[in-house]
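Student: Residues 3 to 87, numbered by our numbering, are exactly what the sequence shown covers, in order.
A virtual CB, placed ideally from N, CA and C, is assigned to each residue, including glycine.
For clarity, every value in this text was computed on a predicted model and none was experimentally measured.
Provided herewith is a single structure, encoded as structure tokens, for subsequent inquiry.
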Amino acid sequence: MIVDWLPERAVANFPIVSGFLTWIVILFWLAKSGWRIQRRYFVEATHTPLGRNGIVWSSALVGAVFFVAGERRPGLPAILAVAMV
Numbered sequence: 003m004i005v006d007w008l009p010e011r012a013v014a015n016f017p018i019v020s021g022f023l024t025w026i027v028i029l030f031w032l033a034k035s036g037w038r039i040q041r042r043y044f045v046e047a048t049h050t051p052l053g054r055n056g057i058v059w060s061s062a063l064v065g066a067v068f069f070v071a072g073e074r075r076p077g078l079p080a081i082l083a084v085a086m087v
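Below you can see the structure in the form of structure tokens.
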């Protein structure tokens, strides 16, 4: 397995690093084109249309909260992806 040949420190910090990279990738996707897809869901939930910045920032804040809450869990990237999208 990969865990056997990686340094112990890298294995211990892997959930944090992969979670942060997931957070960054989803933010870039939302800023580029994903906000149009998310707009439909926000309109259905709140009955008020949000712009591009509102959608990206709200997803970033939700992702940051889940990032802090799930600090060392191995499934952190999956949790962030579901929470932000």
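Mind checking LEU78: buried by the 16 CB within 10 Å criterion, or exposed?
Tutor: For the purposes of this step, residue 78 is taken as the residue at position 76 of the sequence shown. Label assigned to LEU78: buried.
Student: Return the CA-CA distance between VAL84 and SER61, expressed in angstroms with no decimal places.
Tutor: If you number the sequence shown from 1, residue 84 lands on position 82. If you number the sequence shown from 1, residue 61 lands on position 59. The straight-line gap from Cα to Cα measures roughly 11 Å.
Student: Let me check understanding here. Comparing Cα to Cα, which of ARG54, ILE26, GLY21 and ASP6 lies closest to TRP37?
Tutor: One-based indexing of the sequence shown puts residue 37 at position 35. Comparing Cα positions, the closest option is ARG54.
Student: Can you list, in chain order, the residues of its chain with a C-beta nearer than 6 Å to that of GLN40? Leave out the 5 residues immediately preceding and following it.
Tutor: Here residue 40 refers to the residue found at position 38 of the sequence shown. So the list reads ILE57, once near-sequence residues are dropped.
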